[in-house]
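The next block holds one structure in the form of structure tokens; read it before the comments.
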């Protein structure tokens, strides 16, 4: 870790209002109260969060760091997918999912001592929509609020959120850290200040300091008493303090685990998992729901607009080789536009079977002839495009080699998160290399509906748009599944997305660490963690 100066974060740790009775349906935790082991947990992460406001980023590390300081209106059971109360004791929606009503608990405070009210929730949602408007920040949170028409305040504890079109994804979104609630004062800060100086939340931890590219630290909040019923205990968090150390080199993270420097290491390389498990360390692995790691084409690019090129990419990528070489040992190659653990998934394995001969035939039939250097050409144009990504460079290079054997030249633009999302905002890319984590099939709408904020795939397909819109408004599960089956078929068959690997979150800890738990989106809570 470097020694760059820390930015001190002045967040008052105001005490919570203690009530003797919890609201109906919102009692926290299945375990007993207790002070736990205390102590400082040191968690090594792969990537600097860049922004520690959980409402703004999409980078995984930023999201799970921010999760520890903000709570959400509702929670989602990672086993059943059921949406359950959290900061809201009651919630409901109308039949077409254009309006949602919530009743807040009346005992919740932010760490500056201010109360959680309907007005504060309204300020949160209004601020998210404003930040997301230009596509440069809060894109994930903004997607959950797509079609937001406003929040109506009924009273201090009751409010209604309205949308101008059905938003089946909103309740699930309301369970995430992206729609985690921050104080009124935080909503009035600039996005830049929130990113660098932190936010005031209702969560079990309070930001202490953020030193970019070095560490993020947070302290336990005393008086916390409104954990989700899915957590394992009630009252304050067990840990006194958490320090997230930014350690980009995987070998250094693993070495730090083995030396005892780190209590938990994130992003354990798949290849190291068997050895680390054999050495007695605890392994935590969960597949990410949503869109697998994929090549996502911009069809405004003339090369990628050619259906033959997209057909070659569909059958010319050896996903089994990628999975065997770089994937998680317990995982399988992707077989659809949705990861296999996502609700609404249906296999398109037949359309994605590796067939390099068919890929070459498709290109040659379309007039793409092999040039002197092995790269194909047509009417003086080389078969080349650039893939833009900010992680898994080794995987990008493996795909590059596979495609070169077909006569396709895939250049690599390996950038940082800012460069990646900047390219999305101004459409200055040929192909994106990325995954998108969402627990439900609305991930397809985020990716492909051209009206969605910061949609990633640039396609023009009225039929697909209509299907995605219809499924979002359909409450009948069987009818919705039929629409999702058709959407996934179109996306794969027409080459609007080229899945390459199912993503797993794999972390490791010292054997004495207990209480680590994934949420439904493969992020995690550290509220129940003890050092033993």
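Residue numbers (mature numbering (1 follows the signal peptide of the UniProt record, and there is no 0)): -23 to -1, 1 to 509. Quick reminder that beta carbons are idealized off the backbone N, C-alpha and C, glycines included.
Item to check | Contact between the stretch 352 to 367 and the stretch 491 to 508 (3+ Cβ pairs under 8 Å) | outcome: no
Item to check | residue 17 - DSSP class collapsed to helix/strand/coil | outcome: strand
Checklist entry - If you draw a straight line from the alpha carbon of residue 52 to that of residue 149, how long is it in whole angstroms? => result 8 Å
Next on the checklist: Rounding to the nearest angstrom, what Cα-Cα distance links residue 45 and residue 241 in this structure?
Outcome noted: 15 Å
Next on the checklist: Considering Cα atoms alone, identify which of 41, 336 and 273 is closest to residue 292.
Outcome noted: 336
Next on the checklist: Is it buried or exposed, residue 263, if we count other Cβ atoms within 10 angstroms and call 16 or more buried?
Outcome noted: buried
Item to check | Buried versus exposed, by CB contacts within 10 Å (16 or more), residue 369 | outcome: buried
Next on the checklist: Per DSSP, what are the beta-bridge partners of residue 457 in this structure?
Outcome noted: None, per the DSSP bridge assignment.
Checklist entry - In this structure, does DSSP put residue 374 in helix, strand or coil? => result helix
Checklist entry - Below 8 Å between beta carbons: does that hold for residue 319 and residue 420? => result yes
Checklist entry - Just the Cα atoms here: how many angstroms apart are residue 147 and residue 122? => result 7 Å
Next on the checklist: Between the alpha carbons of residue 451 and residue 438, how many angstroms are there, rounded?
Outcome noted: 20 Å
Item to check | Assigned secondary structure, residue -12 (DSSP; H/G/I helix, E/B strand, else coil) | outcome: Note on residue -12: pLDDT 32, under 50, position unreliable in the model; the coordinate value appears next. In this structure, residue -12 counts as coil in the three-state DSSP scheme.
Next on the checklist: List, from N- to C-terminal side, the alpha helix (DSSP H) runs of 4 residues or more that fit wholly inside the stretch 204 to 251.
Outcome noted: 227 to 236
Checklist entry - Going by the beta-carbon positions, is the gap between residue 543 and residue 310 smaller than 8 Å? => result Coverage of the chain is limited to positions -23 through 509, which leaves residue 543 absent and any answer about it impossible.
Next on the checklist: Across the stretch 457 to 467 and the stretch 383 to 398, are there enough close Cβ pairs to call them in contact, namely three or more that are closer than 8 Å?
Outcome noted: no
Item to check | Exposed unless 16 or more other CB atoms sit within 10 angstroms - verdict on residue 365 | outcome: buried
Checklist entry - What are the boundary residues of the alpha helix (DSSP H) that residue 147 is part of? => result 147 to 150
Checklist entry - In whole angstroms, what separates the C-alpha of residue 190 from that of residue 21? => result 12 Å
Item to check | With 16 other Cβ atoms within 10 Å as the buried cut-off, status of residue 38 | outcome: buried
Checklist entry - Does the distance from the C-beta atom of residue 484 to that of residue 245 stay below 8 Å? => result yes
Item to check | Beta-carbon gap between residue 480 and residue 269 smaller than 8 Å | outcome: yes
Next on the checklist: Do residue 119 and residue 130 count as a contact pair if the criterion is CB distance below 8 Å?
Outcome noted: no
Item to check | Cβ-based burial, residue 194 [other Cβ within 10 Å; buried from 16] | outcome: buried
Next on the checklist: Short of 6 Å in beta carbon distance, which residues of its chain neighbour residue 171, apart from the five on each side in sequence? Order them along the chain.
Outcome noted: 30
Item to check | Inter-residue spacing [alpha-carbon to alpha-carbon] between residue 386 and residue 267 | outcome: 28 Å
Checklist entry - Is residue 403 helix, strand or coil when you go by DSSP? => result helix
Next on the checklist: Can you give me the C-alpha to C-alpha distance between residue 173 and residue 33, rounded to a whole angstrom?
Outcome noted: 11 Å
Checklist entry - When burial is assigned at 16 or more other CB atoms within 10 Å of the CB, is residue 236 buried or exposed? => result exposed
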